[in-house]
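Trainee: Numbering (the numbering used here), first residue to last: 514 to 855.
Backbone N, C-alpha and C define an ideal beta-carbon position, used for all residues, glycine too.
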Amino acid sequence: MQFETEYSLKPHNSFGFDVKASFWASAQSIDDIRDAQRFCQENSLPLLVLGEGSNVVLVENYPGLVLKIAIQGKAIIKADEAKVWLKVGAGEHWHSLVQWTLDNDLYGLENLALIPGTVGAAPIQNIGAYGVELQASFYSLDAVCRETGELVRFNKDECDFGYRDSVFKGALRDRYIISHVTLCLAKTPDLKTDYGDIKTELVSMGVVVADAKSVAEAVARIRQRKLPDPEVIGNAGSFFKNPIISHEKFAQIQVKYPNIIGYAEGDLVKIAAGWLIEQCGWKGYRSNDAGVHDQQSLVLVNYGNADARQILDIAQKICSSVRDSFDLELEVEPRVYGVGVR
Ligand code: FAD
Ligand code: NAP
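(1) Starting from the C-beta of GLN633, find all residues in its chain whose C-beta is less than 6 Å away, skip the five residues before and the five after it, and write them out in chain order.
(2) Taking 8 Å as the cut-off, is the CB of ILE735 close to at least one heavy atom of the ligand NAP?
(3) Under 8 Å: do the stretch 815 to 830 and the stretch 659 to 674 share three or more Cβ pairs, one atom per stretch?
(4) Name the two residues that bound the continuous beta strand (DSSP E) containing ARG848.
(5) Which residues in the same chain have their Cβ closer than 7 Å to the Cβ of VAL835, if we skip the five residues on either side of it in sequence?
(6) If the criterion is Cβ atoms closer than 9 Å, does the pair GLY566 and HIS525 meet it?
(7) Compute the distance between the beta-carbons of PRO636 and LEU647, then report whether it is under 9 Å.
(8) What residues match up with VAL694 in a beta bridge as DSSP calls it?
(9) Between VAL570 and ASP593, what straight-line distance do the alpha-carbon atoms span, to the nearest angstrom?
(10) Exposed or buried, TYR643, counting other C-beta atoms within 10 Å across all chains shown (16 or more means buried)?
(11) Could you check what DSSP says for LEU625 in three-state terms: helix, strand or coil?
(12) Hey, how far is the Cα of ASN568 from the Cα of PHE516?
(13) Hey, would you say ALA731 sits closer than 9 Å to LEU622, going by beta carbons?
(14) Is ALA684 a contact residue of the ligand FAD, with contact defined as CB to any heavy atom under 8 Å?
(15) Per DSSP, what are the beta-bridge partners of LEU781 in this structure?
(16) Within 10 Å of its beta-carbon, does ASP670 have 16 or more other beta-carbons around it, so buried, or fewer, so exposed?
(17) Rounding to the nearest angstrom, what Cα-Cα distance links ILE711 and LYS705 in this structure?
(18) Going by the beta-carbon positions, is the gap between LEU740 and GLY750 smaller than 9 Å?
(19) In or out: LYS769 buried (at least 16 other Cβ within 10 Å) or exposed?
(20) Taking the beta carbon of PRO847 as the centre, do at least 16 other beta carbons fall within 10 Å, making it buried, or is it exposed?
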């Protein structure tokens, strides 16, 4: 395994922040992960795990080893009449996997098309979009314990999935490195087209009878239209989670803002953080190269040479505005790495 020094992380974080890692390595196997752990223990270095860096805010140079998880491979490990269990290396690109499943007549991931990142990072925040979450197709994952090097299997219940959340963002944060994810996919599609503009998009594509591939294509087209491409404008997708509040609180906000839309989430109500931010006048805001996207206020952007502190400064101001106007606290979604930040 090769350890590079003073390695630029600019191409490895979707915000495009120009920071460096003291050491960098890429893990192609579980043995590589263990070698990296040994290297850190022997040299008393901190370890930061990265997939494709599309959900992180790197505030400054990292004074340790940044380990990219690049484990590849897909294997069908079991099948019955209705389902197929597919084990996938954590370093596989998520969208390529979605395409591969559709090419192989396996269903369940179509609404999750075009989400950036790796398969191994998908369970960390239980990725979700267009009314579907990873957990619907998730079976188990294998992960190396950062303390002992032991390989541990987590089943679905043990991952404690929630809305853009899992045990790996909470109690087991930074405790495991995911090497493989096993999905349970359907042999027959169960299309979910009720969310947002999917149906309208299918019509404009000329689709008369939708199938899983056309749904994935519709989702991809909507996403390409609405969201900034990190290759062109740096961003980490949604910067804040959507608040989930009580019906009582929702009713209070509705008095002042009758146009607010709420979505039922169990006994609670989910409201769009992007809408709250827009009401506070932040849509399209720009200060030097840091800003708020002009089509989706939930996405903070780096137009070129912004650094993480400029983005966090805007984030903080947005949080204050939303607190003042709605008496609500916004929660940052990407993981922020920097001195004094946990
Ligand atoms: P990274 O950013 O590299 O890592 C994220 C976190 O996971 C870090 O804390 C890292 O340490 C940890 N991690 C990564 N890999 C592993 C591993 N193998 N083992 C242990 N820990 C690991 N998210 C959604 O849920 N839905 C969306 O629709 C969506 N759309 C997006 C659109 C855009 C334009 C962008 C830029 C982001 C979007 N995201 C979305 C966020 C992001 O794509 C997901 O969170 C994705 O799963 C991150 O994958 P990654 O490989 O880039 O993870
Ligand atoms: P959108 O369709 O404009 O909707 C705005 C918000 O309203 C979304 O956050 C969504 O919540 C909620 N919403 C809309 N219709 C809903 C419905 N029928 N039922 C329940 N909730 C509904 O959002 P967008 O920004 O274009 O994103 C589209 C999808 O991609 C969303 O699911 C979003 O989460 C996902 N996405 C995520 C990220 C990320 O980084 N996490 C980035 C880009 C897009 P939900 O977010 O809960 O769906």
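Mentor: Walking through what the data contain:
(1) Note that residue 633 is Gly in the sequence shown, not Gln. Contacts found: GLY564, ILE582, ALA603 and ILE691.
(2) Result yes, Cβ under 8 Å from the ligand NAP.
(3) Inter-segment contact for the stretch 815 to 830 and the stretch 659 to 674 is absent: fewer than three beta-carbon pairs are separated by less than 8 Å.
(4) Counting along the chain, the beta strand (DSSP E) containing ARG848 begins and ends at 848 to 850.
(5) Excluding positions up to five away in sequence, the list reads LEU789, ILE790, CYS793, LEU841 and LEU843.
(6) Between GLY566 and HIS525, the C-beta gap is smaller than 9 Å, which places the two residues in contact.
(7) A Cβ-Cβ contact shorter than 9 Å links PRO636 with LEU647.
(8) Residue pairing of VAL694 in beta bridges, as defined by DSSP: VAL601 and LEU654.
(9) For VAL570 and ASP593, the distance between alpha carbons rounds to 42 Å.
(10) The residue is buried, with at least 16 neighbouring Cβ atoms inside 10 Å.
(11) Helix at LEU625.
(12) Looking at the backbone, the Cα of ASN568 and that of PHE516 are separated by about 24 Å.
(13) The answer is no: Cβ separation not under 9 Å.
(14) Relative to the ligand FAD, ALA684 has its C-beta separated by 8 Å or more from all heavy atoms.
(15) Answer is GLU778.
(16) Around the beta carbon of ASP670, a 10 Å sphere encloses fewer than 16 other beta carbons of the protein chains shown; the residue is thus reported as exposed.
(17) Put simply, the backbone Cα of ILE711 is about 9 Å away from that of LYS705.
(18) Yes, Cβ-Cβ distance for LEU740 and GLY750 is below 9 Å.
(19) Counting other Cβ atoms within 10 Å of its Cβ, LYS769 stays below 16 and is therefore classed as exposed.
(20) In the assembly as shown, PRO847 is a buried residue. Its beta-carbon has 16 or more other beta-carbons within 10 Å.
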